[in-house]
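Working notes, structure below.
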Amino acid sequence: MYHLPQLDRIATHIRALHSTRRPGLCAGSAALLFALAGAVDTAYAADGNCTLQLSNPVVDYGAVTRAELMKKQISPLLMTLGKQTATLTATCRQPVQMTIFFRGPAVDAGSYRFGNAGSFTLYLSNAQMDGKAVGLGSVISAGQVPENTGNSSALPPNTGATPIVNDRPIKGTSFSVQVDIEARVAVTGSRISDQTVWRGNGNFEMIEN
């Protein structure tokens, strides 16, 4: 099991965006600064077989006022900060079956906590194994046959994604996948009187079979 340095913070702060280093994903008022960010190290398997890396270790949504955020309202209750993209890669010396999870505080069955009144979602697409395009299958536990398959896959709490061909998990040595991150904020939760930092946290995890 391998942990990638984490999605340490998804934040709003007008002054400074801090990032931390640890196995997992990335870190992250008046004026608001919403950020999904995190410092990313390379994570190694215990036996040295695999490494994990995440591109764009700091995903920063930048500073924004509530008035600006209201222009991004997508429903009577929610505003979106938009999508950010990173690439997650796994490189192994010996072929293995890989399953990717994201571990973080959940808001509901489909999203993760962002501050006191927000959430963020993760979506995987453009998967490649050993240089060839592959599908993605959703699983509850590593090693199982996926029930849902396609060219892309959400990555909600307690659900993993594994590379597939003809709806069956495959082994390989080099895997890459695009990660789309979208943060949303409740309209009521954006009413603040001072600078505010919004945070989320969690980490990617790869389990080898």
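Per mature numbering (1 follows the signal peptide of the UniProt record, and there is no 0), the sequence shown runs over residues -45 to -1, 1 to 164.
Idealized CB from N, CA, C, for every residue including glycine.
Tell whether a beta-carbon distance below 7 Å holds between residue i and residue j.
i    : j   : result
V140 : G73 : yes
T42  : S10 : yes
P111 : M84 : no
Starting from the C-beta of residue i, find all residues in its chain whose C-beta is less than 8 Å away, skip the five residues before and the five after it, and write them out in chain order.
i           : result
residue 165 : Because residue 165 is not part of the residues shown, which for the chain are -45 to 164, the question remains open.
G86         : S129
D135        : K38, Q39, T40, L77, Y78, L79, S80
In or out: residue i buried (at least 16 other Cβ within 10 Å) or exposed?
i           : result
A64         : exposed
N164        : exposed
A116        : buried
S66         : buried
residue 171 : Since the displayed the chain opens at -45 and closes at 164, residue 171 lies outside it and no answer follows.
P60         : exposed
N158        : buried
A138        : buried
E23         : exposed
Leaving out the 5 sequence neighbours to the left and right, which residues in its chain are closer than 7 Å to residue i when beta-carbon positions are compared?
i   : result
M25 : M34
I29 : T35
Relative to the C-alpha of residue i, which residue among the options is closest?
i    : options            : result
S108 : A61, Q99, V89, L32 : V89
P101 : I125, P112, M84    : I125
P31  : F159, E137, V142   : V142
Contact check, residue i vs residue j under 8 Å by CB: the rounded distance?
i   : j    : result
V51 : C5   : 7 Å
A82 : V120 : Between V120 and A82 the Cβ distance is about 11 Å, and since that is not below 8 Å, they are no contact.
R58 : G155 : Not confirmed; about 12 Å, so no contact.
Starting from the C-beta of residue i, find all residues in its chain whose C-beta is less than 6 Å away, skip the five residues before and the five after it, and write them out in chain order.
i           : result
residue 215 : This structure does not reach residue 215, given that the chain is present from -45 up to 164, and the question cannot be answered.
D122        : T104
K27         : M34, T35
E127        : In the sequence as presented, Glu is not what sits at residue 127; that position holds Gly. So the qualifying residues of the chain are P50, M84, D85.
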